[in-house]
Every structure is written in structure tokens, then in C-alpha cells.
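Asker: Below you'll find the structure I mean.
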């Protein structure tokens, strides 16, 4: 047996031993807290296993290893089955079965609804979609795919046009002089207060100019020269601020997830914090 | 048959859904198509599961590299599937919520799926930090603007930004970091995101039209069978 | 003892950053695992030593809080759990806070989800928040969990005109026609407020596109930080307010604690997570500064 294989086996043995020790300690802690013995064995196992999986994923930070691969592969299997089960019970049993069969409704204990024959259409299309798994009948899945694509296109076309185009353009036409009472009061009351007239006015100018210069930057049918080029340059700056803000928020989000996992390890598993 | 029928289906379904917005009689048909879409979506989940099994069993059968981990995938998949489909340990029986507290399905969600998913994404915190150190350089004016905006947001979204600049008087309160961070979000960020949003909306609308009218057919595959 | 530990830990972080600065300025490589270690320590120290800060609600968060607070008792609030484990640590405190706030104001709460994982998360919220903290509230009368339906925006396209066509029962198979909370409710248009908690697809954006805008229904968002900047164009015309990331949760929690004595001892994961968040932000900012200093020094050396 070569040296690295021996080391791997020692590490594996160590992980198993640590897992069992952690499980036993957790059982005693849960029982001390007044939990029923069988339940404590079960919950202690799950908590220890969750901690093991968390650490297995984090071990990737050191380098790729079998523990990370184990956790990654387990995640793929579990998540696929999770979505299947929830989809089956919530939508297939909840929406399809009551419309097509009283017997099946009784079996699944869902209240039956009035029989509607056209509900067999999604069943047939769904079966055709599964034909994608078959080497010869794969082309049949195109019919179902066409239905999915048609629905998505039909739903999106009007909604995006209205909400993300027309309304957004309309919301960009905002007053460029906020609370305007004349040039005299503007200068006499001038301040850099966050809720002041100047800052609000500046904000509206930035939105108005920013949106249109941003759009000019994305317009590639005309060469970015002269006025068009200057506007496009402003557009780039606005987009850079946008990406900077997104970066700041991304750091925040990712750190929150790490805090969540460490809170689990320190609290639920190790009991170091309350 | 293989190409024309799907194009006709896409045209009919897409057109009905568009008309349902304008004509109340078409509304009911539009709702029915939406429900059909939802039911077919469940079959897409089944397809995903089936495909997963197919790929991993083939990997095991052919003893390809790391085939042992495919066994883990299939075992995890099978166990979760049984726990969910048969509602194992579910205190409310077959009628109860599949995710009822105490059921094996919910236990596996809480203690396996959830930690794995959350840890996988938490890893990114480390890589974001590493990228900040290695790649975030003020090489030119554009990068410097990006960097300053990120700095203000990072500081402004913590209480430290408030403590550091709370001494600035009210008449200059925009210079307080939290206020500056809010201003960046509701003015330049809003403008940039809106420009992107309008661009995407135009893209979605034109692509939807191309799909409904049958101009765009790449989703049907590239083969000529 | 705790203070000594805290001081030592912070001194270690500062010392480490100084070492990193010297090493970077002298042009030597820094192992990426050392950077990882810094972030790990920066997040762990405030957690172990329980560092928290006070928070104040910003206008965008206050908009949501005020809306929930000012609705008359008995108003119907729909909370959609549109997230999964990848977002849960930052948005779960928000969904729990909304449930607490709504039930304390005697509003009726409808829980649903556009993500399959919303089914489990909704069930957990009912078990861990409603049943434990509001034992007097009755399922089907004061709150209901109608769960998840597949189909993303297709679901919204149906429930905007008819709930029962999509949701015949709640998660436990109880007919919606037989539950009190659904008497007089036909569609989303009967909601006094809708709150989408999430940030991915489908999520707040789809709620704006397929429900709030076409139905002219008030919508609030509670989003994971990553997708928060993308949603600002909807505020304030199409979204009455938005809680962005864990900071949004902390602000909402602090507003609840400030105004409701009964919430003085409620769990405040949002506020508690802001300690580690702050230190981690400081370390990331230090990395940016050190990285740029080394870049400029290297450039000057080359010149």
C-alpha cells in the first residue's frame, strides 16, 4: 500500500471515529435537555451528519477531495428527488388527479372536482416529454417542448413589454426640478441634506440622463462618436456604479450565507453559542 | 410532422395567451393553458430525475472514473424519492403535507438538502474575498468608479458606516456614508439597472415574437430527422 | 474573559492584515488559503463573542413596515416563500419577521411558494413561528399554508383571476371552499398586500410582472442581497418597499422591537448576523486596499 493511500485510510478512519464521538456526545446532550431516547438518537445523527456535510463542502477550500465529492453527489441526487416529490404531490396530485379520476382522488385523499376531459392534454404532452429519454421517440418531446416554449413566449411578451419597457420608460420621465419655488429660494435654502431639494433634484437628473445614456451605450447600430460617444461614455460610468453596487451586495449576500452555516456549526452542533 | 406540428403548437398557444390579455373570452383558455403548462412542468421534473438516473447508472455500468460517487447520487435520489412518494414517517398520513414536520422527507430536507445547498453557496464568500484581493484593481477610470461605488456600499450597508460619519451635520447629510449608499442605490444604480432592464425587455419581446411566429426554431434541435 | 478573547481575536486579524500588507508590498505571493482563513476568522469572531449593533430602518424598509403596520386588522396578507437553502440564511429572518408582525396586528396570513423548497420552508415557519409564538391563532382562520405549485409565472397567471383553479386545497388537502380565511377571496386582487420573499427565478420580479402590475395589487419584496440592486427600478412605483439582504432583515427586526414590547425577546437573527457581516465587510475592504497598493507598488517598480 502506497503512502498516500495509507494516509487517506487513516483520515477516513479518523473521520468515522470523530463522527461517532460527536453523535454520542450529541445524544447525551439532547437527553440531558429532556428529549426522548429514540428521538435523541435520530436527531443527534441528523445534526452530526449535517455538520459533517457542511465541513465536507468547506473542505474544498483546501483542495478537491473525496469528502467534497461525496457531499456534492449526494446533493445532486437529493435535490432532484426533492423537486420531483414536491411537484408530484402539489401539482400532479393537487391539480391533475381531482379533474380526471374520482377513484384516484379517493386514493390520494384529495377532494375530487368536476371531470374535465381536456386535462388529458397535459398528461399526453407530459408523457411525450418523457419520450426524450427514449433513443427513438425523442422527437415526440418536441411537441411538449413547443407547448412550454409557446406558453412562456405568450406569457412574457405582453408582461415584459408593459412592465419592464413601457412602465420603466414612463417612470424615467420625472420632474427635473424637485419642489421648485424659484431660483431665489433654491440658493437661499441650498444644502447637501440627504432629503434636501438639491440632492433630490440631482438624483432625478442622474436617473433621467443615466437611463438614456445607458441605453445609448447598448445601442450598437451607430458608431459611438461625437455626442453619441460622449453619452455612451456617461452610460459606461453609470453602469460601472451599478456593477460596483452589485458587487457590494454580492459580498454581503455571500457573507450572510457563511454566517448562516457557521451559526449552525457553533450553535446547533457544537453548542458554543446560544 | 416532426418540425411543423411543434411550430403550429407554439403559434397557437402563444397567440391564445397574448389574446387572453385583451379579450375576456380568451381568458379562460389562457388560464387552462397555464395550468397545462404547470402540469407539464412536473413531467419536466420527472424527466430531470430520469435523466440523472440514466447518466449515473451508465457511469456505474461502465465503471468510469469516480463511479463510486454515482452510487451516492443514486442512493440519495432513491432514499429521498421513497421518503417523499410514500410519505414515510409522515404524522398525517397520505393526506398530509409532504413536508410535514417529523416526516422523513422534511428531516432529510432540514438536515441534508438544506446544509448541502447553503454550504455550497457559502463557499462563494471565500472566493469573493479572494477575488477582492487579487482582481479588484483600479486600473483605469471605469474600474476606479466601480471600486468607489462598491466601497461606499460595503461600508454603507454596515453600522460602521453610520458610526464613522454620524458627526457630519444634517445640512451635509448626503456625505454620511449610509445616506450616500442609499443615494447610489436609488439614483445611479436605479438608472443603470433600468437601462439594462429596458434592453432585456426588448430582447424578450423580440425573441417571444420570433418564437411565436416560427422564425426562431433552434429549440427544436439542429438535426434534420 | 470574553473581552480578552475578543481583543486577542481582533488583534490577530489586524496583525494578520499588517503581515499581508507587508508581504504584498514586497511583491511576494500570498496563498489563497490564507485569504480564506481571514474571512473564516472575521465571520467567526463576532459570532463567538456576540457582537451586535443597533439598526435604524431606511425608507425603503420602512415602506414595507408601515404598510403592514397601518393596514386595518383582519387584512389579508399573502407571503410567498420563493427561496431555497441557497438564500435561506439571509431571507428566512425576513419571512419570519413578516409573519410575526402580521399576526401581531391580527392580519390574516396566506403562505404559498413558487419554489418547491418553499413547501418545506413554509411548513417550518408554521411549526417554528406560528404554532410556538402564536398558539391562539387557528389554521384556516388566521393563517393558511397553501404550499407550492409548479409552473413559475404560469401559477401567477392563473391565481390573478382565480385562486381555486390553481389551489383547490391547502397543503393538508383541506378544500379551500371550506376554510374561513378564504371566504370572500377569489383571486390575488382580493389581497391587501402581497410579499414575495426570495430573489431568484421565479421571485419578486415575476410577482411584479404577472401579479402586482397587471392587477394593481400592493407588493413588497424581501430579497437576497445578490438580486436586490436589480429590483430598484421597480421602487417605489411597482414595489412599495424592499428588504435587501440581511441588513434589510436587521432593520425590519429593529423596527419591530422598537415599536412592540411583546417582541423585545423575539429571535433577531438579522440583527445578530450584522456583527459578523460588518467585520467581514471590513476585511474585504482591507483586501481591496492591500491588493491595490501592491498593484501600484508593483507598477512603480516596473517603471
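Chains as they are written, first to last, in our numbering: chain A, 1 to 274; chain B, 1001 to 1225; chain C, 2001 to 2303.
Beta carbons are placed, not taken as given, at the ideal position from N, Cα and C, and that holds for glycine.
Spell out a yes or no on whether the stretch 2198 to 2213 of chain C and the stretch 2153 to 2163 of chain C are touching, meaning 3 or more CB-CB pairs, one atom from each, closer than 8 Å.
Answerer: The answer is yes - the stretch 2153 to 2163 of chain C touches the stretch 2198 to 2213 of chain C, with three or more Cβ pairs under 8 Å.
Asker: I need the straight-line Cα distance from residue 2016 of chain C to residue 1102 of chain B, nearest angstrom please.
Answerer: Working through the third chain from its first residue, we reach residue 2016 of chain C at position 16. Working through the second chain from its first residue, we reach residue 1102 of chain B at position 102. When rounded, the distance between both Cα atoms is 46 Å.
Asker: Look up residue 2363 of chain C in the DSSP assignment and say whether it is helix, strand or coil.
Answerer: Past the boundaries of the shown model lies residue 2363 of chain C; chain C is included only from 2001 to 2303, so the question cannot be answered.
Asker: Under 8 Å by Cβ, that's how I've got residue 1125 of chain B and residue 255 of chain A pegged, so tell me the actual separation to the nearest angstrom.
Answerer: As a working mapping, residue 1125 of chain B is identified with position 125 in the second chain. As a working mapping, residue 255 of chain A is identified with position 255 in the first chain. Residue 1125 of chain B to residue 255 of chain A, Cβ: 5 Å. Contact.
Asker: Hey, is residue 2169 of chain C's beta-carbon within less than 9 Å of any beta-carbon in chain A?
Answerer: Residue 2169 of chain C sits at position 169 when you count from the first residue of the third chain. Judged by the 9 Å Cβ criterion, residue 2169 of chain C is in contact with chain A.
Asker: Given residue 2244 of chain C, which residues of its chain have a CB within under 7 Å of its CB, disregarding the five upstream and five downstream residues?
Answerer: Looking up residue 2244 of chain C in the third chain gives position 244. Around residue 2244 of chain C: 2223, 2225 and 2228.
Asker: So if DSSP puts residue 2078 of chain C in a beta bridge, which residue, or which two residues, is it bridged to?
Answerer: The count along the third chain starts at 1 and reaches residue 2078 of chain C at position 78. C/2110 and C/2194, per the DSSP bridge assignment.
Asker: Under the rule that 16 or more other beta-carbon atoms within 10 Å means buried, what is residue 2080 of chain C, buried or exposed?
Answerer: Your numbering for residue 2080 of chain C matches position 80 in the third chain. It counts as buried.
Asker: Just to confirm the assignment: which complete alpha helix (DSSP H) runs, minimum length 4, are found wholly within the stretch 1145 to 1217 of chain B?
Answerer: Qualifying alpha helix (DSSP H) stretches, in chain order: 1159 to 1165, 1177 to 1184 and 1190 to 1212.
Asker: Go through its chain and collect everything with a Cβ distance to residue 1168 of chain B's Cβ below 6 Å, but skip five positions before and after it.
Answerer: Stepping through the second chain from its first residue, residue 1168 of chain B is reached at position 168. So the qualifying residues of the chain are 1175 and 1176.
Asker: Is the beta carbon of residue 2185 of chain C less than 9 Å from the beta carbon of residue 2141 of chain C?
Answerer: In the third chain, the residue the question calls residue 2185 of chain C occupies position 185. In the third chain, the residue the question calls residue 2141 of chain C occupies position 141. It is not a contact, given that the beta carbons lie outside the stated cut-off.
Asker: From the DSSP output, in three-state form, read off residue 2228 of chain C for me.
Answerer: Position 228 of the third chain, counted from the start, is the residue given in the question as residue 2228 of chain C. In the structure shown, residue 2228 of chain C sits in a helix (DSSP, three-state: H, G or I).
Asker: Indicate whether at least one CB of chain C lies closer than 9 Å to the CB of residue 1225 of chain B.
Answerer: One-based indexing of the second chain puts residue 1225 of chain B at position 225. Its pLDDT being 48, under 50, residue 1225 of chain B is placed unreliably by the model, and the measurement read from it follows with that caveat. It does not; no Cβ of chain C falls within 9 Å.
Asker: Does the Cβ of residue 132 of chain A have 16 or more other Cβ atoms within 10 Å, making it buried, or fewer, making it exposed?
Answerer: Here residue 132 of chain A corresponds to residue number 132 of the first chain, with the count starting at 1. Under this definition residue 132 of chain A is a buried residue.
Asker: Mind listing which residues of the stretch 1159 to 1173 of chain B have their C-beta closer than 7 Å to chain C's C-betas, in chain order?
Answerer: If the cut-off is 7 Å between Cβ atoms, the stretch 1159 to 1173 of chain B has 1159 and 1160 near chain C.
Asker: List the residues of chain B whose Cβ lies closer than 9 Å to the Cβ of residue 2021 of chain C, in chain order.
Answerer: In the third chain, counting from the first residue as 1, residue 2021 of chain C sits at position 21. Per Cβ cutoff of 9 Å: no residues; residue 2021 of chain C is ~11 Å from chain B at best.
Asker: Taking only three categories from DSSP, how would you classify residue 150 of chain A?
Answerer: Position 150 of the first chain, counted from the first residue, corresponds to residue 150 of chain A. Residue 150 of chain A: helix per DSSP, three-state reduction.
Asker: In whole angstroms, give me the CA-to-CA distance for residue 1084 of chain B and residue 1051 of chain B.
Answerer: Counted from its first residue, the second chain places residue 1084 of chain B at position 84. Counted from its first residue, the second chain places residue 1051 of chain B at position 51. C-alpha separation (whole angstroms): 19 Å.
Asker: Hey, how far is the Cα of residue 59 of chain A from the Cα of residue 2033 of chain C?
Answerer: Position 59 of the first chain holds residue 59 of chain A. Position 33 of the third chain holds residue 2033 of chain C. For residue 59 of chain A and residue 2033 of chain C, the distance between alpha carbons rounds to 11 Å.
Asker: Could you check whether the stretch 178 to 187 of chain A touches the stretch 215 to 222 of chain A, counting it as contact only if at least three pairs of C-beta atoms, one from each stretch, sit closer than 8 Å?
Answerer: Taking 8 Å as the limit for Cβ pairs, the verdict is that the stretch 215 to 222 of chain A does not touch the stretch 178 to 187 of chain A.
Asker: Go ahead and pull the three-state DSSP assignment for residue 2145 of chain C.
Answerer: The residue labelled residue 2145 of chain C in the question sits at position 145 within the third chain. The answer is strand: DSSP assigns residue 2145 of chain C an E or B state.
Asker: Of all the residues that make up the stretch 1057 to 1072 of chain B, which are near chain A by a beta-carbon distance shorter than 8 Å?
Answerer: Those residues of the stretch 1057 to 1072 of chain B that come within reach of chain A (Cβ to Cβ, closer than 8 Å) are 1066, 1069, 1070 and 1072.
Asker: Taking only beta-carbon atoms, is residue 1023 of chain B less than 9 Å away from chain A?
Answerer: Against the second chain, residue 1023 of chain B aligns to sequence position 23. No, residue 1023 of chain B does not count as interfacial toward chain A.
Asker: Output the boundary residues of the alpha helix (DSSP H) element that contains residue 2048 of chain C.
Answerer: The residue given as residue 2048 of chain C occupies position 48 in the third chain. First-last of the alpha helix (DSSP H) with residue 2048 of chain C: 2032 to 2048.
Asker: Counting only the same chain and skipping the five closest in sequence on each side, list residues whose C-beta sits under 7 Å from that of residue 1206 of chain B.
Answerer: The residue given as residue 1206 of chain B occupies position 206 in the second chain. Answer for residue 1206 of chain B: no residue qualifies.
Asker: Measuring CA to CA, which of C/2114, C/2108, C/2112 and C/2301 is closest to residue 2134 of chain C?
Answerer: Counted from its first residue, the third chain places residue 2134 of chain C at position 134. Per the Cα distances, C/2108.
Asker: If you pair each beta-carbon of the stretch 2270 to 2278 of chain C with each one of the stretch 2045 to 2063 of chain C, do three or more pairs fall below 8 Å?
Answerer: Cβ pair count under 8 Å is three or more, so yes.
Asker: Residue 2016 of chain C versus chain A: which residues are under 9 Å apart at the beta carbon?
Answerer: Residue numbering aside, residue 2016 of chain C sits at position 16 when the third chain is read from its first letter. Going along chain A, no residue has its Cβ under 9 Å from residue 2016 of chain C, so there is no contact; the nearest lies around 17 Å.
Asker: Just the C-alpha distance for residue 1225 of chain B and residue 1217 of chain B, rounded to the nearest angstrom, thanks.
Answerer: Sequence index remark: in the second chain, residue 1225 of chain B carries index 225 (1-based). Sequence index remark: in the second chain, residue 1217 of chain B carries index 217 (1-based). The pLDDT assigned to residue 1225 of chain B is 48, lower than 50, so where the model puts this residue is not dependable, and the model offers no usable value.
Asker: Should residue 261 of chain A be labelled buried (16 or more other beta-carbon atoms within 10 Å of its own) or exposed?
Answerer: If you number the first chain from 1, residue 261 of chain A lands on position 261. Result: buried.
Asker: Would you list the one or two residues that DSSP bridges to residue 2221 of chain C?
Answerer: The count along the third chain starts at 1 and reaches residue 2221 of chain C at position 221. DSSP lists C/2196 and C/2242 as partners of residue 2221 of chain C.
Asker: Let's see if you can read the secondary structure: which residues bound the alpha helix (DSSP H) around residue 1067 of chain B?
Answerer: The residue given as residue 1067 of chain B occupies position 67 in the second chain. Run containing residue 1067 of chain B: 1067 to 1085, per the alpha helix (DSSP H) assignment.
Asker: Evaluate contact between the stretch 88 to 95 of chain A and the stretch 1009 to 1026 of chain B, counting only Cβ atoms and requiring at least three cross-stretch pairs below 8 Å.
Answerer: As far as the Cβ criterion goes, the stretch 88 to 95 of chain A does not touch the stretch 1009 to 1026 of chain B, which means the pair count is below three.
Asker: Taking CB distances under 9 Å as the criterion, tell me whether residue 1006 of chain B reaches chain A.
Answerer: Here residue 1006 of chain B corresponds to residue number 6 of the second chain, with the count starting at 1. Yes, its Cβ sits closer than 9 Å to a Cβ of chain A.
Asker: Quick one: what does DSSP say residue 179 of chain A is sitting in, helix, strand or coil?
Answerer: Translated into the one-based positions of the first chain, residue 179 of chain A becomes position 179. Coil at residue 179 of chain A, not helix or strand.
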